[in-house]
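Add 14 to the 1-based position in the sequence shown for my numbering, that's all there is to it.
Using N, Cα and C, we set each Cβ at its ideal position, and we do this for glycine too.
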Amino acid sequence: MKEKIFKIIVSFFIVMLCCSLIARGADSMTVAKVKTGHLKKGDLTEKFEGSGGIAAKNREFQSMPEGQKVAQILVKAGAKVEAGQAIVQLDMEYLEELIKEQERQVEKTRLQMEQQKLEGKGEARTPATAQAEITLNGAADILRNAQDKYQMAVDEYNAYVSTPPVLDEEEQQEFDLKVQALQDQIDAAADNMKAADSAYDQALESYHLAEQEEANNRANEAARGESNDLSLQGLQVDLDGLNDKLQKLMDIKDEGGVVSSQSKGIVESIAVTEGAITTGSEQIVVANEDLEAFGTIPEDKIGKIALGDEVEILISGNSKSIPVNVERIELDEEGKTSWFAPVEKGKYQIGTNLTYDFNKKSESSYEQIIPLSALRESNGNAYVLTAEVRPGILGESYEAVRVPVTVLNKDESNAAIKTSLSNEALFITETNKYVKEGDRVRLSE
């Protein structure tokens with residue numbers, strides 16, 4: 015009996031051991047396997063690469079004269095030129111025709127100015143008040159004459175009746191007839207005076223209307239005169255412009271129709287073709303002999319490179335890279351942010367391509383550095399997962415624990431952080447499957 019009980023107990027422990035082994039095997043198949051690391055001190059290193067080329071350090075941009083026919087291009091791109099050396103020959107016959115046409119335009123505008131001056135003098139005219147004034151003066155004379163006659167009639171009447179004589183009946187009748195005749199004379203003179211006064215009032219009103227008309231005429235003449243002055247000024251502006259253009263054409267003629275280089279250097283480009291008519295926007299670009307290397311900075315690296323930093327460049331056609339120091343950072347011709355550094359002149363050609371490598375350590379060391387593979391982010395907050403021991407049914411195991419961190423800086427491989435983690439903490443750097451906070455994990459051997 016004891017032997018049977020012993021066998022049962024042994025069988026139980028064997029079954030338990032098998033179950034434990036099976037459970038541990040299943041656990042190892044489902045639990046993520048992770049690699050871990052410790053916080054370390056050190057520097058960050060900014061590394062990136064790019065491409066660029068060799069360019070002239072300074073360029074002279076020279077515009078072609080407008081409206082000229084190109085007869086011959088005298089030098090090719092890439093040729094060295096001296097200041098004053100001929101680059102383009104213009105068509106002289108075409109230039110002569112332009113000058114003649116310009117002279118005709120100048121003369122035509124000058125004649126228009128003379129015509130405008132004559133029109134500005136205006137026409138001779140009699141003032142609108144002239145006839146009205148004559149009529150008013152005549153009416154005034156007639157009125158004064160009528161007033162005088164009226165006064166004379168009144169005076170004569172008064173003188174006759176002031177001291178009447180003693181008369182008989184027949185004489186009295188004659189006297190009365192005389193008085194009546196004098197009264198009729200007064201009445202007639204009064205009527206004439208009234209008519210003359212009315213005529214004068216009408217003449218005065220007509221004169222006032224004529225005065226207003228004359229004022230209007232003078233205002234209109236002043237406005238026309240001002241308009242004429244403005245027209246003359248406009249024509250003068252046109253004439254000045256035409257003369258300036260004619261002078262430019264004459265200057266080109268005096269130079270023999272030759273467009274010369276304004277500076278010493280290398281002809282980089284001539285934006286004209288033989289037989290074409292220029293628009294004035296075409297340019298001759300002459301580069302000086304001082305050369306510089308340049309490289310386009312990736313958009314996410316702008317601000318990582320500074321003046322004075324060293325860059326390793328490999329120029330096309332060369333087997334060995336050389337170091338250069340950044341002299342300036344600005345937009346290139348394509349509008350991309352680029353670094354520029356001087357290179358030895360006479361050794362390279364403008365337009366040669368290059369590649370570059372940039373490698374720079376951070377100016378200060380950091381106390382806590384982790385690989386970028388350990389850094390995680392959620393809703394804009396950075397954190398790491400650490401592997402921490404937790405007790406369980408099958409014994410102790412590791413669990414992923416989320417720990418927030420503050421990112422101070424980072425490079426291509428590492429990140430400098432600020433965290434409460436101790437140097438002994440195990441932060442997860444790699445996993446064989448997705449791991450989140452609270453998941454059980456097992457450490458790689």
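Whole angstroms is fine: what's the gap from residue i's alpha carbon to residue j's?
i           : j           : result
residue 97  : residue 280 : 11 Å
residue 404 : residue 452 : 11 Å
residue 424 : residue 382 : 11 Å
residue 290 : residue 84  : 6 Å
residue 132 : residue 293 : 39 Å
residue 304 : residue 241 : 59 Å
residue 244 : residue 226 : 27 Å
residue 212 : residue 129 : 50 Å
residue 432 : residue 377 : 18 Å
residue 346 : residue 362 : 19 Å
residue 166 : residue 155 : 16 Å
residue 436 : residue 50  : 14 Å
residue 295 : residue 127 : 33 Å
residue 387 : residue 333 : 35 Å
residue 420 : residue 44  : 32 Å
residue 239 : residue 249 : 15 Å
residue 121 : residue 140 : 36 Å
residue 394 : residue 359 : 50 Å
residue 327 : residue 391 : 36 Å
residue 448 : residue 375 : 33 Å
residue 314 : residue 325 : 18 Å
residue 450 : residue 316 : 34 Å
residue 184 : residue 199 : 23 Å
Out of the options, point me to the one whose CA is closest to residue i's CA.
i           : options            : result
residue 103 : 264, 381, 86       : 86
residue 400 : 390, 414, 410, 394 : 414
residue 123 : 376, 293, 256, 443 : 256
residue 178 : 105, 190, 169, 168 : 190
residue 109 : 207, 278, 266      : 266
residue 100 : 422, 161, 275, 231 : 275
residue 116 : 200, 438, 158, 260 : 260
residue 162 : 134, 348, 208, 120 : 208
residue 270 : 340, 355, 105      : 105
residue 52  : 449, 410, 402, 426 : 402
residue 246 : 135, 359, 68, 107  : 135
residue 201 : 168, 348, 152, 180 : 168
residue 278 : 118, 263, 77, 94   : 94
residue 78  : 263, 392, 373      : 263
Compare the beta carbon distance of residue i and residue j with 8 Å and say whether it is the shorter of the two.
i           : j           : result
residue 352 : residue 298 : no
residue 66  : residue 396 : no
residue 221 : residue 146 : yes
residue 48  : residue 455 : yes
residue 194 : residue 171 : no
residue 150 : residue 218 : yes
residue 339 : residue 355 : yes
residue 57  : residue 427 : no
residue 63  : residue 370 : yes
residue 70  : residue 284 : no
residue 228 : residue 138 : no
residue 157 : residue 233 : no
Kindly indicate the opening and closing residues of the alpha helix (DSSP H) around residue i.
i           : result
residue 145 : 144-175
residue 318 : Counting along the chain, residue 318 falls outside any alpha helix (DSSP H), and DSSP gives it neither H nor E.
residue 255 : 183-268
For my contact list, residue i and residue j are in at a C-beta cut-off of 8 Å; report their separation, rounded to the angstrom.
i           : j           : result
residue 203 : residue 164 : 4 Å
residue 91  : residue 282 : 6 Å
residue 81  : residue 112 : 7 Å
residue 74  : residue 273 : Not a contact, Cβ separation roughly 13 Å.
residue 430 : residue 440 : At roughly 19 Å, the Cβ-Cβ gap does not stay under 8 Å, so residue 430 and residue 440 are not in contact.
residue 385 : residue 443 : 5 Å
residue 318 : residue 60  : 5 Å
residue 470 : residue 72  : The first residue shown for the chain is 15 and the last is 459, placing residue 470 beyond what the model contains.
residue 144 : residue 206 : Between residue 206 and residue 144 the Cβ distance is about 28 Å, and since that is not below 8 Å, they are no contact.
Which two residues bound the contiguous beta strand (DSSP E) that contains residue i?
i           : result
residue 110 : First-last for residue 110: 106-135, but that is the alpha helix (DSSP H), not the beta strand (DSSP E).
residue 73  : 73-77
residue 70  : 59-70
residue 345 : 342-345
residue 382 : 380-385
residue 49  : 46-51
residue 355 : 351-357
residue 273 : 272-274
residue 304 : Segment: none, residue 304 is in no beta strand (DSSP E) and carries neither H nor E.
residue 390 : 390-392
residue 85  : 84-87
residue 397 : 395-404
Confirm the yes/no value for this check: CB of residue i, any heavy atom of the ligand SAM, distance under 7 Å.
i           : result
residue 332 : With respect to the ligand SAM, the structure shown offers nothing to examine, as it has no ligands at all.
Could you tell me whether any Cβ in chain B is nearer than 8 Å to the Cβ of residue i?
i           : result
residue 260 : Note that chain B does not occur in the displayed structure, where there is just one protein chain.
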